[in-house]
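Take a look at the structure below.
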Amino acid sequence: MNRSRALTSLHTEEVDVLVIGGGITGAGAALDAATRGLKTGLIEARDWASGTSSRSSKLVHGGIRYLEQLNFSLVHEALSERGLLLQRLAPHLVTPIKLLYPLETPVIERCYVGAGMLLYDLFARASRTKAGMRFHRHFSRRQLKRVAPGLKHDAFVGGLGYWDGQVDDARLVVSVVRSAVDHGAAAASRVRAEGFVHESGRVVGVVARDLERDETFTIRAREIVIAAGVWTDDVLGLAETEIRPRVRASKGVHIVVPRDCFDSHAGLLLRTATSVLFVLPWGRHWIIGTTDTDWNLDKAHPAATEADIDYLLDQVNRVVEHPITRDDVLGVYAGLRPLLSGQDENTSTLSREHTVATVEPGLTMIAGGKLTTYRVMASDVIDHVAPHTTSVTDTVVLRGGESFAAHWNRRSIFAEQHGLTLRQSERLLRRYGSDVRAIGELLAAKPELSATLPGADDTLLAEIVYACEAEGALHLDDVLTRRTRVSIEAEDRGLAAAPVAADLMAAALDWSEQQRDTEVQRYLERVAAEIESQLQLTDEAADRVRNNRP
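Going by my numbering, the sequence shown opens with residue -16, and the numbers climb by one from there.
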């Protein structure tokens, strides 16, 4: 992604559609518009996926709990999208994972949950992609224990197993943004909308600030789409309108622990008193989450508290043979779900469906929704602003997905060519797909880039360089938190990796020595603030600690 070229285009040329917001919804809207032949712009105030879209449970799923709410249409739609992503659009990024639902009582619970999973599978098979997943199955207590030896022996009477999809959410967003750019979109991160331009009673442009250069300029657009997630109200506050979508932010906290903390060949779906809890396989780790509580503080840096972490540990320790302790927690991340709210509803029951509305002539907003259905949301909002065009994104393979099966079949050859292990080759393919060729070119030119980052054994030095040269990374946090997952996977949260990664970025982005040192210092302070905030008991205390640091 060439940011300078995109900014030049946005400075000088009017676009048909300008999208504000670089999460999955905004990225999807930009791709949908660009592939309809519309001249498209996309701006994001921070980094791509820096908000909700990098802090999810990393599932591509139908939402089995929505069956209990009788929201059949949402489940069917999401399962159809899951199949599209898995089989056609992003086969390199979306992978099937097996999940277990342990049963605490015989007969009635088995029949009730089994009926739900049967319906889940039937909805998937009724979609145009014909599921792409195996059918669910029932387990006796002995069979359950064989699949998940780490479960308490007397906690369950049996269980059910089913399949869903998993994705690195931030990498999905980057892939969608790059796909939009491939189809002609001008996409620039670190560009903040600060006002709207009106002419003859219509919005015709955005006053934007390039935060890297601290320069203000105007972007002219025939139609503007606000896809700002939990920041929707903030962006609407710049407009001359009283329309508000009533988006509530719900905080979801996840913890990351080593894989050897829990002996199982499958993840878990557990019912809690207020919602559900997932224990999800994630490479050498487990992701455990999530919480579901209102958040009314700083949207940019939602903070996990000691109470949040203890809640997750308490819930998972109800069912595992060997308790997971605070010392086992390697990483913690908190994200905010943008929920369409009623007046007094609990966040765990609020709708994940989306809404599209005209704010004023020339200005449209989309709010709500979920990661899995981003393509449908994007199609709906571009249908609204460009009704005489037709969406084609159900056939547009995302960047890296082209010829993925052929590249996967050659994974041993790729490993041998570049001195990698088979596991490293497979991991790269699951992150970059066919773009692994560019990683290979870096390794061929500089074989020393096949080394791994200190404290982050899964991440090659070449990935840091590639993030700068091809994926729009501008700051150290962009690389360690979103292009890679060092910040939540490394035992020291990336402290040892930061100076090495900064050296590579300095060479790739032509940083001065002072800028390189500043980037490292900011990252170290961010990690320290997050760790300190996670020792606080309340959201307010954690928010204060987090925001007392740069």
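Glycine included, every Cβ here is placed at the ideal spot set by N, Cα and C.
Being a predicted model, the structure only gives us computed values, none of them experimental.
The three-state reading of DSSP puts Met488 in helix, counting H, G and I together.
Contact check for Arg185 against Pro344 passes: the beta carbons are separated by less than 7 Å. In this structure, the straight-line span from the alpha carbon of Glu225 to that of Thr341 is close to 12 Å.
The alpha-carbon separation between Glu472 and Glu182 amounts to approximately 50 Å. Along the segment 354 to 382, the alpha helix (DSSP H) occurs as fully enclosed runs of 4 or more residues at 357 to 368, listed in sequence order.
By the 16-neighbour rule on beta-carbons within 10 angstroms, Leu143 is buried. About 5 Å separates the beta carbon of Tyr506 from that of Leu459, a gap short enough to meet the 8 Å contact definition. For Ile270, the enclosing beta strand (DSSP E) begins and ends at 268 to 272. Cβ atoms of Glu474 and Leu313 come within 8 Å of each other, at about 6 Å. Its Cα nearest to that of Gly220, the residue Ala176 stands out among Ala153, Phe200, Ala176.
Beta-bridge partners assigned by DSSP to Trp265: His268. Straight through space, the alpha carbons of Arg476 and Arg529 are spaced by roughly 16 Å. Ile26 sits in a strand when the DSSP states are folded into three classes. DSSP places Ser172 inside the beta strand (DSSP E), whose first and last residues are 169 to 172.
Assigned with DSSP and collapsed to three states, Gln504 falls in helix.
Taking Ser(-8) as the centre and dropping the five residues before and after it, the same chain places the C-beta of Ala169 closer than 7 Å to its C-beta, in chain order.
In this structure, DSSP gives Val240 an extended state, which the three-state scheme calls strand. Ile7 is not a Cβ neighbour of Ile26, given a cutoff of 7 Å. Your pair Asp30 and Ile365 does not check out as a contact, with CB atoms roughly 24 Å apart and the cut at 8 Å. In this structure, the alpha-carbon of Gly34 lies about 31 Å from that of Ser386. Residue environment for Ile270: buried (at least 16 other C-beta atoms within 10 angstroms of its C-beta). Within the same chain, and ignoring the five residues on either side of Gly11 in sequence, the residues whose Cβ sits closer than 7 Å to its Cβ are Val159, Tyr357, Arg358, Met360, Ala361. By the criterion of at least three beta-carbon pairs nearer than 8 Å, the segment 131 to 146 is in contact with the segment 233 to 253.
Under the three-state reduction of DSSP output, Arg196 falls in the coil class, being neither helix nor strand. Counting only the Cα atoms, Pro437 lies some 28 Å from Thr288. Val230 places its beta carbon less than 7 Å from that of Ala350. In this chain, the beta strand (DSSP E) harbouring Asp(-1) covers -2 to 3. For Val174, the CB contacts under 6 Å within the same chain, skipping 5 residues up- and downstream, are Ile26, Ala191, Asp193 in chain order. Between Ala204 and Gly188, the gap from beta carbon to beta carbon is short of 7 Å. Between Gly383 and Gly352, the gap from beta carbon to beta carbon reaches 7 Å or more. Considering only Phe261, Gly99, Arg413, the residue with the shortest C-alpha distance to Arg154 is Arg413.
Boundaries of the beta strand (DSSP E) harbouring Gln149: 141 to 149, taken from the DSSP string.
For Met100, there is no enclosing beta strand (DSSP E); the enclosing alpha helix (DSSP H) covers residues 91 to 108. Ile514 counts as exposed, since fewer than 16 other C-beta atoms from the protein chains shown sit within 10 angstroms of its C-beta. Ala32 is a Cβ neighbour of Arg465, given a cutoff of 7 Å. DSSP places Val342 in the uninterrupted beta strand (DSSP E) bounded by 337 to 343.
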